[in-house]
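Read left to right, the sequence shown gives residues 775 to 892 (the working numbering).
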Amino acid sequence: MGFELVEAGPGSMHGRMVIRDDFMTPIGNMHGGVLSAFCDHMLGTVCYSAMKPGQWAATAEFKINLTAPVVGGVVDAYAEIVNLSRTMAVVRIDLHNNDRVCAVVQGTVMIRDPKPKA
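Okay, structure coming up:
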């Protein structure tokens, strides 16, 4: 889908997705499912900078508020870990398209330790 990492720091990340024609609906807005896939990717990925080596992250749930239609160009996602514990993280993402907020997301990510070797 063409997700790009723009910048990352401890517990935060800026990602970008270039809008393609095949992401668009017949009325000229990007399909919400494409935006949701981008958010799902960002939710887990932002956690890796704050996790221990070998741990892995998986989205448990998220809520997306679509505040404006995405009409082309790029979508910039700014993700930040709001709270991190041993087994989960709460993440917030603000998404922008053409210099306006197009969605706000909050999600819960499971944090798991690697399985012990037999």
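Even for Gly, the Cβ is constructed at its ideal location relative to N, Cα and C.
query                                                                                                                 : result
Contact set for leucine 858: own chain, Cβ-Cβ below 6 Å, skip 5 residues either direction                             : Ala824
Phenylalanine 797 and cysteine 813 closer than 8 Å at C-beta                                                          : no
Sheet register partners of aspartate 868 (DSSP bridge)                                                                : Tyr852, Val878
Residue environment, leucine 817, which counts as buried when at least 16 other CB atoms sit within 10 Å              : buried
Other residues of its chain near tyrosine 852: CB distance less than 7 Å, five sequence neighbours each side excluded : His788, Ile867, Asp868
Same chain, Cβ closer than 6 Å to alanine 842, five either side skipped, listed in chain order                        : Arg874, Cys876
Complete beta strand (DSSP E) runs within the region 785–852 (minimum length 3 residues, chain order)                 : 786–792, 830–840
Bridge partners - arginine 886, DSSP secondary structure assignment                                                   : Trp830
Proximity of glycine 806 and proline 888 at Cβ, strictly below 8 Å                                                    : no
Integer-rounded CB distance, given that valine 792 should sit under 8 Å from valine 856                               : That belief does not hold up - the Cβ atoms of valine 856 and valine 792 are roughly 27 Å apart, past 8 Å.
Those residues which DSSP pairs with glycine 776 across a bridge                                                      : Answer is none; glycine 776 lacks a bridge partner.
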